[in-house]
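At the far end of the sequence shown sits residue 1365, using this note's numbering, and the numbering has no gaps. C-beta: ideal position from N, C-alpha, C; glycine also.
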Amino acid sequence: MIPKFFNKKSESQVYSLTPTKGKSSSLHLTPIKSSKSSTSISQEEVEVDPIYFEEFNEWLSSSISLIKEDVEPCLTFTNAELASKILDSIKKNTLEMEPCLNETIKICELTKMEKLCPYRLKKEMENEWVYISLQARNRITAVCDLLTYLRYLQNGYRRYAKSD
């Protein structure tokens, strides 16, 4: 899903989101000159509402509150030590997770409850796999998706929704 500041027009000016040259982790706004004869914008330019973009930048720059408010609650499990190591692995992009053909009830290493654990993971290239439940896997992948999306934004990658 594209954040709400994309494809919104400001009353006074329309801006394009572009990466700053020489700084791979920062973005800046470039004004788009409006032309009454041309109403289409090339795929290289994305309209950005400057107010929403500024709010987004403030939110993005306060990554400590992002982690505390949005990520940590999602990774709150009985086994807090393992959850912390998983978060570190996600940040370093070294977490491995895969489905396993396991039809027996096991103890989920994160919740410490007996459940069907159709997934397993290992962190930091360790040899030891730990089994996790579907619910634990869904929460971990939500965090992975969020942090990956934010990495893409910081590096200037953009996803375009095809509007046909």
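Per-residue burial, residue 1346 [other beta carbons within 10 Å of its own, 16 or more giving buried]: exposed
Cutoff 6 Å; reference residue 1301; Cβ partners in own chain excluding five residues on either side: 1321
For residue 1327 and residue 1313, the rounded distance between their alpha carbons: 21 Å
For residue 1300: DSSP bridge partner residues: 1320
Closest residue to residue 1353 among 1329, 1251, 1261 (Cα-Cα distance): 1261
Inter-residue spacing [alpha-carbon to alpha-carbon] between residue 1215 and residue 1266: Since pLDDT at residue 1215 reaches only 48, below the 50 mark, its modelled position is unreliable, and the value read off the structure follows with that caveat. Cα-Cα distance, rounded: 29 Å.
Spatial distance of residue 1304 from residue 1316 (CA atoms): 10 Å
Spatial distance of residue 1286 from residue 1292 (CA atoms): 10 Å
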